[in-house]
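A.B. asks: Have a look at the structure that comes next, please.
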Amino acid sequence: LASYIQDVPTVYDLEWGNGVLYGDIFKEPEFEHSKYAFEESNQGMLLRHFEEFEAEAIRLLDLGLVHPAYDYILKSSHTFNLLDARGTVSVTERAGYLHRVRTMARKVSKVFIEERAKLGFPLLKDQTLRDKYLGKNGKYTKENA
Numbered sequence: 099l100a101s102y103i104q105d106v107p108t109v110y111d112l113e114w115g116n117g118v119l120y121g122d123i124f125k126e127p128e129f130e131h132s133k134y135a136f137e138e139s140n141q142g143m144l145l146r147h148f149e150e151f152e153a154e155a156i157r158l159l160d161l162g163l164v165h166p167a168y169d170y171i172l173k174s175s176h177t178f179n180l181l182d183a184r185g186t187v188s189v190t191e192r193a194g195y196l197h198r199v200r201t202m203a204r205k206v207s208k209v210f211i212e213e214r215a216k217l218g219f220p221l222l223k224d225q226t227l228r229d230k231y232l233g234k235n236g237k238y239t240k241e242n243a
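Residue numbers in the sequence shown follow this note's numbering, run continuously in steps of one, and reach 243 at the last position.
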């Protein structure tokens, strides 16, 4: 959309502000991150980190610490993407890794909803919806959703 509005051919030609182009700021870092992801990443380290990030996310979820757990799920997902970019995981392993990330994402979503419900969905300003989700007894259940 910004390329269309500014009538430029690439994202790097977008004016970021005050005569500075997006490419002036981000082209080199994007190149370096791509080189790392596709050529230089340490696959053994990434495999270890995935396991560690997953274990930490699960541990934090079990403690009800949804926000730090979410951060570790994002780290797990990013680490998987780096492994996948290098072809480190086979097609069969890829499905397993995706399943593991999805399982964590589902669990963090569930715990997040439970956390918000305990607080009475304070950001949900529509009282009708709040009553619907909290139910007659004031407690969130899947049936209320």
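Beta carbons: idealized from backbone N, C-alpha and C, even for Gly.
1. Among the candidates F178, L232, D224, A183, whose CA atom is the shortest distance from the CA of E212?
2. Does the separation of the CB atoms of V209 and L172 fall below 8 Å?
3. Indicate the three-state DSSP secondary structure (helix, strand or coil) for G121 in the structure shown.
4. Can you check DSSP and say which residues form a bridge with G115?
5. Confirm, please, whether the CB-CB distance from V206 to Y168 is below 8 Å.
6. Buried or exposed, going by whether 16 or more other CB atoms sit within 10 Å of the CB of Y60?
7. In its own chain, which residues sit with a C-beta less than 6 Å from the C-beta of L222, not counting the 5 before and 5 after it?
8. Between the beta-carbon of E152 and the beta-carbon of S174, is there less than 8 Å?
9. From D111 to Y120, what does the alpha carbon distance come to, in whole angstroms?
10. Apply the 10 Å Cβ neighbour rule to T177 and answer buried if 16 or more other Cβ atoms are within range, or exposed otherwise.
11. Identify, in the order they occur along the chain, each residue of the same chain with its Cβ nearer than 8 Å to the Cβ of F148, setting aside the five sequence neighbours on each side.
12. Need the endpoints of the alpha helix (DSSP H) that V206 sits in, please.
13. For S132 versus R184, is the C-beta spacing smaller than 8 Å?
C.D. replies: With the structure as the only source:
1. For the options F178, L232, D224, A183, the alpha carbon positioned closest to that of E212 is the one of L232.
2. Inclusion of V209 and L172 in the CB contact set at 8 Å is not warranted, their separation being larger than that value.
3. It is helical.
4. Bridge pairing for G115: V118 [DSSP].
5. In contact: Y168 and V206 (Cβ atoms closer than 8 Å).
6. For residue 60 there is no data in the structure shown, the boundaries of the chain being 99 and 243.
7. R228, listed in sequence order.
8. The Cβ-Cβ distance between E152 and S174 falls below 8 Å.
9. Rounded to the nearest angstrom, the two C-alpha atoms are 6 Å apart.
10. A residue is called buried once 16 or more other Cβ atoms fall within 10 Å of its Cβ, and T177 is buried on that count.
11. In its chain, beyond the 5 residues on either side, S174, T177, F178, L181, Y195 have a beta carbon closer than 8 Å to the beta carbon of F148.
12. 189 to 216 is the span of the alpha helix (DSSP H), which, as asked, contains V206.
13. Contact: no.
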